[in-house]
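Participant: Per my numbering: the sequence shown = residues 16 to 145.
Don't be surprised by glycine CBs; every beta carbon is placed ideally from N, CA and C.
Before anything else, here's the structure in question.
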Amino acid sequence: MNKGGSTLIKIEMKDTKKYGRGIFATGSYKKGDLIESAPIIVISKNEWEQMRESILRNYVFRWGEDKAVVLGYGCFYNHSFSPNARYISNKKNLTIDFYAYKDIKAGEEILINYNGDPKDQSSLWFKVID
16 MNKGGSTLIK IEMKDTKKYG RGIFATGSYK KGDLIESAPI IVISKNEWEQ MRESILRNYV
76 FRWGEDKAVV LGYGCFYNHS FSPNARYISN KKNLTIDFYA YKDIKAGEEI LINYNGDPKD
136 QSSLWFKVID
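Rendered as structure tokens:
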């Protein structure tokens, strides 16, 4: 994965006409390119117990035994079982880093698999719209 140098963020949020808001490429990405390094706020396991019924339940990522609220565009990537991007928890930098899993063209919606592994077909907490 291309982790070196500075990265020009080439994304925007728009209405998907299907899922609500989503993230779209405004430029092209090659497989392995860094799309976004989104900072996070860690929510401890104990704190999460008090918050789990809030709207945040739809926007958190696993962070070991804890949860992470992702800032930037990070919480607006939509799910797909055929994603064109993936994410990796970056514990050292307290970020979740989004990378192109496939080549992405300008105008395409950037989609991730919420299960973490792009190939994981496990069911989710909501009905997936194809």
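When the Cβ atoms of the region 112–132 are set against those of the region 33–47, are three or more pairs found closer than 8 Å?
Facilitator: At 8 Å Cβ cutoff, the stretches touch.
Participant: Considering only their Cβ atoms, is the gap separating Leu49 from Tyr114 smaller than 7 Å?
Facilitator: In the sequence shown, residue 114 corresponds to position 99, counting from 1. In the sequence shown, residue 49 corresponds to position 34, counting from 1. Contact flag set, yes.
Participant: Alpha carbon to alpha carbon, how far is Leu86 from Asn105? Give it in angstroms, no decimals.
Facilitator: Here residue 105 corresponds to residue number 90 of the sequence shown, with the count starting at 1. Here residue 86 corresponds to residue number 71 of the sequence shown, with the count starting at 1. The alpha-carbon atoms of Asn105 and Leu86 are separated by roughly 14 Å.
Participant: Assuming Lys60 and Asp81 are in contact, meaning their beta carbons sit under 8 Å apart, how far apart are those beta carbons, in whole angstroms?
Facilitator: Position 45 of the sequence shown holds residue 60. Position 66 of the sequence shown holds residue 81. Confirmed, Cβ separation roughly 5 Å.
Participant: In whole angstroms, what separates the C-alpha of Phe76 from that of Ile70?
Facilitator: Position 61 of the sequence shown holds residue 76. Position 55 of the sequence shown holds residue 70. It is roughly 13 Å from the alpha-carbon of Phe76 to the alpha-carbon of Ile70.
Participant: Nearest to Lys25 by alpha carbon, out of Val57, Asn73, Glu51?
Facilitator: Counting from 1 along the sequence shown, the entry for residue 25 is found at position 10. The residue with the shortest Cα to Cα distance from Lys25 is Glu51.
Participant: Could you check where the alpha helix (DSSP H) with Glu64 kicks off and where it finishes?
Facilitator: Position 49 of the sequence shown, counting from 1, holds the residue named residue 64. Glu64 -> alpha helix (DSSP H) spans 60–66.
Participant: Determine the extent of the beta strand (DSSP E) in which Asn105 is found, giving its start and end residues.
Facilitator: Start at 1 with the first residue of the sequence shown, and residue 105 comes out as number 90. Per DSSP, Asn105 belongs to the beta strand (DSSP E) from 100–105.
Participant: Since Asp30 is in the beta strand (DSSP E), which residue starts that stretch and which ends it?
Facilitator: Working through the sequence shown from its first residue, we reach residue 30 at position 15. That run of the beta strand (DSSP E) goes 26–30.
Participant: Just the C-alpha distance for Lys134 and Trp78, rounded to the nearest angstrom, thanks.
Facilitator: Along the sequence shown, read from residue 1 onward, the residue named residue 134 stands at position 119. Along the sequence shown, read from residue 1 onward, the residue named residue 78 stands at position 63. Near 20 Å, if we compare the C-alpha coordinates of Trp78 and Lys134.
Participant: Go through its chain and collect everything with a Cβ distance to Ile55's Cβ below 8 Å, but skip five positions before and after it.
Facilitator: The residue you call residue 55 lines up with position 40 of the sequence shown. Counting only Cβ-Cβ distances below 8 Å, and skipping sequence neighbours, we find Phe76, Trp78, Ala83, Val84, Val85, Leu86, Gly89, Leu109, Thr110, Ile111.
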